[in-house]
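Student: Below you'll find the structure I mean.
There are 2 protein chains.
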Amino acid sequence: MSDIPALYLEKFREHLQKIIAVNEDDFRLISPFFTLKTLRKKEYLLRPPQVSGYESYIVKGLFQSSLIDDSGKLHLLYFPHEDWWVGDFKSFRTDQASSMEIVALEDAVLLQITKASLEELYQSLPVFERFFRILNENSAIALQNRLVQHFSKDSEKKYLDFLKKYPTLKNRLTNRQIAGFLGVTPEYFSLMRKRILQKDRDS
Amino acid sequence: MSDIPALYLEKFREHLQKIIAVNEDDFRLISPFFTLKTLRKKEYLLRPPQVSGYESYIVKGLFQSSLIDDSGKLHLLYFPHEDWWVGDFKSFRTDQASSMEIVALEDAVLLQITKASLEELYQSLPVFERFFRILNENSAIALQNRLVQHFSKDSEKKYLDFLKKYPTLKNRLTNRQIAGFLGVTPEYFSLMRKRILQKDRDS
DNA sequence: TAAATGTCTTAACATACCTTAAGTTTTTCC
DNA sequence: GGAAAAACTTAAGGTATGTTAAGACATTTA
């Protein structure tokens, strides 16, 4: 009954199997809970003060997730892309207005599940609790690392780390976006890159 | 068979029940998986490069968790205390050397579970997966908030937020420790507090 | 209770990063 | 293909925070 292309389903299944055991019967049970969603570049997946109604697995595409602080300023958190999940887990869980803005930087394809469906899925397949337990654990670990990296403040080093960690992302993003991720202004980022080039030439 | 005082168990049960439904039979099954641990002020619960063998529920006490970055510098992440869990989930899950240092700032009482016991508990009581899924979700949300707070940089505001969020903690910590949490030097923190006092006097 | 150790304050100077603004280049879109 | 919009660069001046150092105060330990 699902209108999701087989290729996408296959990819999704492989993703699940990296974390939990899913046999064919299980998967036939799982897949109808998900729906296909496509987004064009520059379209918003979520925008305050919407409530995040879905958790979304990214089949294809690149996003930018930013949180808005009390004074209305946007802070770029990450660039979710292929084989990640994207969403605002806080808003999703509490049904409260999100303060997260998620925008597609490239045309994208998602597999989405609603809260009601997810609760139903937890009932029929408890191993899914395990799946999201582990996923959340990974999120927390990643956030912890990001926090520490941000504490050890030396933007130049942070940039080099970024290049090492996401080598392919560099070509999919503008300098302005990378600056936002690092937490510096585009102007300062430009200066920094110049400095790095200079150093490279000297050595 | 458990040597854990009834009062502690009762507290733990209330904690669990805030998140999942646990009846008396369930709880009788759960409690033998946990062991009691006491620590004196200044003792270490975890110290690199140990592997974190336990997840620990804090019945009583106050800790300081810091992560060590690549260059060996310590960054203060949080002050786990009563009714929180403390540990290094990364090391606990991967069995790898921890880069987290957890020290008791006050005499403490913990209920601990090993990885093997926790896996066993997941088998016999799947709702425990749910419990830790939600716990991890909370961690991720808290870390995300902390990250944004750290981005919106204005240490003075961060300090006022800290006081509002953890009003009781102020008296249990030294200024040096609070400075570490905010990510500023003790010297600058001192200056900042002077400035705040001045402002209060003016208004 | 004294000595030792750690914490807090103050101040002078250093630095990483921001702000604004203007000019140039690149990308988007009709 | 050309106009409009967005991104990038450079530079001058400003601010938040770090560093070092020294003295006062507080807490722990012998």
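In the order they appear, the protein sequences are chains A and B.
Residues 30 to 232, numbered by our numbering, are exactly what the first sequence covers, in order.
Residues 30 to 232, numbered by our numbering, are exactly what the second sequence covers, in order.
All C-beta atoms in this analysis are idealised placements derived from N, C-alpha and C, irrespective of residue type, glycine included.
1) With a threshold of 16 other CB atoms inside 10 Å of the CB of R76 of chain B, please say whether the residue is buried or exposed.
2) Given a cut-off of 8 Å on the beta-carbon distance, is the pair R201 of chain A and E135 of chain A in contact?
3) With DSSP as the reference, identify every bridge partner of S104 of chain B, one or two as the case may be.
4) Which residues in the same chain have their Cβ closer than 8 Å to the Cβ of M30 of chain B, if we skip the five residues on either side of it in sequence?
5) Kindly indicate which three-state DSSP category Q173 of chain A falls into: helix, strand or coil?
6) When you compare the region 113-121 of chain B with the region 164-173 of chain A, are there three or more beta-carbon pairs, one atom per stretch, that lie closer than 8 Å?
7) Quick check on the DSSP output: the alpha helix (DSSP H) that includes Y86 of chain A runs from which residue to which?
8) According to DSSP, what are the bridge partners of V138 of chain A?
9) Rounded to whole angstroms, what's the CA-CA distance from D32 of chain B to L164 of chain A? Just pull it up for me.
10) K103 of chain B to L96 of chain B, Cα distance in whole Å?
11) Just checking: is the beta-carbon of S100 of chain A within a distance shorter than 8 Å of some beta-carbon in chain B?
12) Of all the options B:D190, B:V177, B:G209, which has the alpha carbon lying nearest to the alpha carbon of M129 of chain A?
13) Quick check: what's the CA-CA separation for L140 of chain B versus R42 of chain B?
14) Taking only beta-carbon atoms, is K144 of chain A less than 8 Å away from chain B?
15) Can you give me the start and stop residues for the alpha helix (DSSP H) that H150 of chain A sits inside?
16) Have a look at L220 of chain B and F180 of chain A and give me their C-alpha separation to the nearest angstrom.
17) Can you pull the chain B neighbours of A169 of chain A, defined as C-beta to C-beta under 8 Å?
18) So with CB distances below 7 Å, who are the chain A contacts of G212 of chain B?
19) Apart from the five residues just before and just after F210 of chain B, which ones in its own chain have a Cβ nearer than 6 Å to its Cβ?
20) Is F63 of chain A near I131 of chain A, with beta carbons less than 8 Å apart?
21) Beta carbon of S236 of chain B, beta carbon of V115 of chain B: below 8 Å?
22) Measure the beta-carbon distance from E185 of chain B to I225 of chain B and round it to whole angstroms, keeping in mind my assumption that it falls under 8 Å.
23) When the distance is taken between beta carbons, is R162 of chain A closer than 8 Å to F191 of chain B?
24) Which residues of the region 148-163 of chain B have a Cβ closer than 7 Å to any Cβ of chain A? Give them in chain order.
25) Taking only the alpha-carbon atoms, compute the straight-line gap between Q216 of chain B and K182 of chain B and give it to the nearest angstrom.
26) Determine, using beta-carbon pairs with one atom in the region 149-161 of chain A and one in the region 151-160 of chain B, whether at least three such pairs fall under 8 Å.
27) To be precise: take each residue of the region 214-231 of chain A, compare its Cβ to all Cβ atoms of chain B, and keep it if any distance is under 9 Å. Which residues remain?
28) What does the Cβ neighbour count give for Y37 of chain B, buried or exposed, with the cut at 16 atoms within 10 Å?
29) Can a CB atom of chain B be found closer than 8 Å to the CB of R76 of chain A?
30) Tell me, please, whether the CB atom of H104 of chain A is closer than 8 Å to any CB atom in chain B?
Tutor: Let me lay it out:
1) exposed
2) yes
3) The sequence as given places His at residue 104 of chain B; Ser does not occur at that position. Paired residue(s): B:L96.
4) Below a pLDDT of 50, predicted positions are generally treated as unreliable, and M30 of chain B, at 49, falls in that range; the measurement from the model is reported next regardless. The residues are P61.
5) helix
6) yes
7) Taken as a continuous stretch (DSSP letters only), Y86 of chain A belongs to no alpha helix (DSSP H), being part of the beta strand (DSSP E) at 83-89.
8) A:T67, A:K89
9) 35 Å
10) Note that residue 103 of chain B is Leu in the sequence shown here, rather than Lys. Distance between the alpha carbons of L103 of chain B and L96 of chain B: 6 Å.
11) yes
12) B:V177
13) 12 Å
14) no
15) In the sequence under discussion, the amino acid at residue 150 of chain A is Leu, which differs from the His named in the question. Counting along the chain, the alpha helix (DSSP H) containing L150 of chain A begins and ends at 144-153.
16) 20 Å
17) F118, N165, S168, A169, L172
18) F180
19) L105
20) no
21) One cannot answer for residue 236 of chain B here, as it falls past the ends of chain B, which runs 30 to 232.
22) 7 Å
23) no
24) P155, E158, R159, F161, R162
25) The sequence given here places Glu at residue 216 of chain B; Gln does not occur at that position. Their backbone Cα atoms lie some 18 Å apart in a straight line.
26) yes
27) none
28) buried
29) no
30) yes
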